[in-house]
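As they're listed, the protein sequences go chains L and X.
Per my numbering, residue 1 is the first one in the first sequence, and the count goes up by one each step.
Per my numbering, residue 1001 is the first one in the second sequence, and the count goes up by one each step.
Glycine included, each C-beta is placed from N, C-alpha and C at the ideal position.
2 protein chains.
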Amino acid sequence: MRRTLRARQQLFMEGDEQTHVYLVKTGAVCLYRMLRNGRRQVVGFKLPGDFIALGADPHYRCYAEAIGPTELRSFQTWAFHAAAALNARFMLRLYEAVGRDLTRSQEQAVSVGKRDADGSVAAFLLSVAGRLLPGEGRGTMSLPMSRADIADYLGLSLETVSRVFTGFKRLGFISLRGRRGVQLMDRAALRAVADAGGDNGAPARLLN
Amino acid sequence: MRRTLRARQQLFMEGDEQTHVYLVKTGAVCLYRMLRNGRRQVVGFKLPGDFIALGADPHYRCYAEAIGPTELRSFQTWAFHAAAALNARFMLRLYEAVGRDLTRSQEQAVSVGKRDADGSVAAFLLSVAGRLLPGEGRGTMSLPMSRADIADYLGLSLETVSRVFTGFKRLGFISLRGRRGVQLMDRAALRAVADAGGDNGAPARLLN
DNA sequence: CGATTCGTTGATCGGGGTCAAAAACGGTGG
DNA sequence: CCACCGTTTTTGACCCCGATCAACGAATCG
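Rendered as structure tokens:
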């Protein structure tokens, strides 16, 4: 089934019975958990080509809401699982997809736990670029998510994210166009900042 | 195959070709990633009954090392996948297991990103107790992992973890016996501390 | 065009990191 | 059982990164 969402429209809530699996066609979806004190931890961004709500849990484990206008393809969970059980190749695809989600989540844990603000944002930009842009050179992308979304994903405040963005711009690592446009000018420098992770003046070029 | 590890013995390293999947029989295994400045982020603890290295990635995405003396059962990855391709039921089990790992990793991100030090440690103690102890009342457990392991899992310094432990002891929330023994004296208080800066009151399952 | 949301910049402050050292633990061997 | 020693944990003092509070600027939209 097709499904179209407006900006900030909710797809499902944490604790809801899992009825559907979704595939993002265009736009972007933000997965998050709400905290008792009103705070929010973003646990993932879903971009075109990504599946939402994989895993065989009977309940959704987070909230899902469209960041901007978004088109989805939805599948009934039971039918999805039935198809997977009949097609080993398809099942393997799903297995791989969840594995990628897990790897990305662990990478997020590294950013939140062990990198400083600069390192977190640098790693984030590279990660998103890897998903939104084809090549490895300079490329301009339109970040679907706001500064606040990025901050809630990285465990930072939106002010800090903004400061790091302008800092990178001053250093010539990126260039900003309008509200959401970002061009990576120097991936190697970003890579170095991400790898340094927090030690000012660390080598960061020993490997690779 | 059977495999026995001594304390701190490495099972595999990040980037190694994935040759085996493991099942923990006794002991405990610590999964972590390293930054190039020597900082370490623990991404999960594997206890008896847990699988290690699920997901169809051709390379291991983290380091794995025994925390103490540990017994494992190992399977060749290719055989594992072959068996999965032939047995939809088995494949589903793996799919579910990876999904659980993903959920736990996301919950770890929530804890690391949105709780203060007290809340993180409180949630950690409760989640460990949920896995190591049967009941819900007071119970004494022996933490397999060191303060440093806990710190690297929660994105804190080992000194801070130690200070929080001492603080909880002073408040009568826990009592400490020897180096690794912990008795939960007041789960409700710990839960309150965890919820104060924590998530939606959902049962915390931080351990991988 | 206001109006409104989002992003940037500035000033201040505190939680927790860091460095340092003492203390407690747990083996080991006498 | 006790003395010794390496390791882990605890405690203390200091300080910095990033959160917070607060304006201000700048896109988007009706």
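query, result
"Inter-residue CB distance, Ser74 of chain L and His20 of chain L (contact presumed, cutoff 8 Å)", "5 Å"
"Closer than 9 Å to chain L by CB, Gln995 of chain X", "Residue numbering for chain X in the displayed model covers 1001 to 1208; residue 995 of chain X lies beyond these limits and cannot be assessed."
"Own chain, CB closer than 6 Å to Tyr63 of chain L, minus 5 neighbours either side, in chain order", "Met13, Glu14, Tyr32"
"DSSP-derived helix/strand/coil call for Tyr1153 of chain X", "helix"
"9 Å Cβ cut-off: residues of chain L touching Met1091 of chain X", "Ala84, Ala85, Ala88, Met91, Leu92, Tyr95"
"CB of Leu1132 of chain X within 9 Å of CB of Ala1148 of chain X, strictly", "no"
"Close Cβ partners of Ala189 of chain L (< 6 Å) along its chain, the five nearest in sequence each way excluded", "Phe173"
"Those residues which DSSP pairs with Met1001 of chain X across a bridge", "Paired residue(s): none; Met1001 of chain X is not in a bridge."
"Other residues of its chain near Arg8 of chain L: CB distance less than 7 Å, five sequence neighbours each side excluded", "Glu65, Ala66"
"The segment 1101-1116 of chain X contacting the segment 1136-1152 of chain X, beta-carbon criterion three pairs below 8 Å", "no"
"Under 7 Å by beta carbon: chain X residues contacting Ala114 of chain L", "The residue you asked about is not Ala; residue 114 of chain L is Lys in the sequence shown. Result: Leu1035, Arg1039, Gln1041, Gly1155."
"Whole-angstrom distance between Ala123 of chain L and Ala194 of chain L, CA atom to CA atom", "5 Å"
"Short CB-CB distance (under 9 Å) between Val29 of chain L and chain X", "no"
"Through-space distance from Trp1078 of chain X to Arg1205 of chain X, alpha-carbon basis", "At Arg1205 of chain X the pLDDT is 32, less than 50, meaning the model places this residue with poor confidence and gives no usable figure here."
"Rounded C-alpha distance that separates Phe1045 of chain X from Ala1028 of chain X", "7 Å"
"Neighbourhood of Ala1196 of chain X by C-beta distance below 7 Å, restricted to the same chain and skipping five residues each side", "Gly1119"
"Contact under 9 Å by Cβ, Asp1152 of chain X with Thr103 of chain L", "no"
"Any beta strand (DSSP E) of 3 or more consecutive residues that is wholly inside the segment 1032-1114 of chain X", "1040-1046, 1063-1066, 1070-1076"
"Extent of the continuous beta strand (DSSP E) run through Gly1181 of chain X", "1181-1184"
"Residues of its chain near Asn208 of chain L, where Cβ-Cβ distance is below 8 Å and the 5 sequence neighbours each way are ignored", "Here the model assigns Asn208 of chain L a pLDDT of 29, short of 50, so the residue's position is not dependable and the matter cannot be decided."
"Integer Cβ distance of Asp955 of chain X from Leu1054 of chain X, believed to fall under 8 Å", "Chain X is shown from 1001 up to 1208; residue 955 of chain X falls before or after that span and cannot be answered."
"Residue environment, Gln76 of chain L, which counts as buried when at least 16 other CB atoms sit within 10 Å", "exposed"
"Local conformation of Ser127 of chain L per DSSP, three classes", "helix"
"Gly1139 of chain X: first and last residue of the uninterrupted beta strand (DSSP E) it sits in", "1139-1142"
"is_contact[Asp195 of chain L, chain X] using C-beta, thresh 9 Å", "yes"
"Buried/exposed call for Glu1107 of chain X, threshold 16 Cβ in 10 Å", "buried"
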